[in-house]
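Here the working numbering = 1-based position in the sequence shown + 13.
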Amino acid sequence: MLTLGVLASGRGSNFQSIIDSIESGFIKAKIAVLITDNPDAYAIERAKKHNIESLVLKPKDFADKNAYYSNIAGELEKRGVGLVILAGFMRVIGKALIDRYRNKIMNIHPALLPSFPGLHGQKQAVDYGVKISGCTVHFVDEGMDTGPIIIQAAVPVYHDDTEENLSERILKQEHKIFPYAIKLYSEGKISVEGRKVTVKTERRDSFFTNPVRES
Ligand code: GRF
């Protein structure tokens, strides 16, 4: 069975959606550890509630970025982690971890990449005036949200949207596509060649649309 290691910095609602998907049997995997850089992350409470080990590792306790990410890679390897999940981990991952988990680190980003990478993807979308935004699950490479795209979901952006309500609309989709991507991975249905990710399912379901306005 696939073993997951989750890295999160904050409230951990995506972490929760993955926990729930495992507990309901939707994903056949186990979570070995939560690693956080933030001792106040609410994700830690979620881990406790579900008997998942958590580790607080702060960059300032390590000599440099390389030492920090080498240590994280070691903790993950020690626990037999096969897939690393970035569930709101608010840092650009170091090469020391990427090299040891090439195409085995998944991130969720709250925009349709390659549009609006980096922080505040939802605000960037509202400010730019796009009519469609969404979220993206991708593998992590050395760049800022530049790795191979696995799954995307689209949502409408309305003229009176704020960062807050667009974030909420996108988050609902995040909670669907992130567990789904992990499920597909755990079933061996995802392959990567260069930038291109092939999702092998009966349906062509590596994207989702949600064109109807919620009431
Ligand atoms: C989400 O918007 C995700 O797309 C981004 O960070 C946020 C994390 O939210 N990478 P949560 O901690 O999972 O609730």
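Glycine included, each C-beta is placed from N, C-alpha and C at the ideal position.
Computed from a predicted structure; not experimentally measured.
Taking buried to mean at least 16 other C-beta atoms within 10 Å of its own C-beta, is residue i buried or exposed?
i	result
residue 38	exposed
residue 175	exposed
residue 187	buried
residue 172	exposed
residue 208	exposed
residue 105	exposed
residue 27	buried
residue 156	exposed
Determine the direct distance from the alpha carbon of residue j to that of residue i, and round the result to whole angstroms.
i	j	result
residue 190	residue 203	14 Å
residue 96	residue 18	6 Å
residue 22	residue 206	30 Å
residue 170	residue 76	44 Å
residue 132	residue 163	20 Å
residue 214	residue 221	14 Å
residue 151	residue 165	9 Å
residue 126	residue 29	23 Å
residue 65	residue 88	14 Å
residue 168	residue 199	27 Å
Could you tell me which of the options sits nearest to residue i, measuring between CA atoms?
i	options	result
residue 158	120, 141, 139	120
residue 197	211, 102, 22, 206	211
residue 91	205, 184, 16, 200	16
residue 144	179, 110, 133, 40	179
residue 98	79, 78, 84, 122	122
residue 154	118, 20, 43, 128	118
Which whole-angstrom value is the C-beta distance of residue i and residue j, which I expect to be below 8 Å?
i	j	result
residue 82	residue 107	3 Å
residue 54	residue 25	7 Å
residue 34	residue 192	4 Å
residue 109	residue 148	At roughly 27 Å, the Cβ-Cβ gap does not stay under 8 Å, so residue 109 and residue 148 are not in contact.
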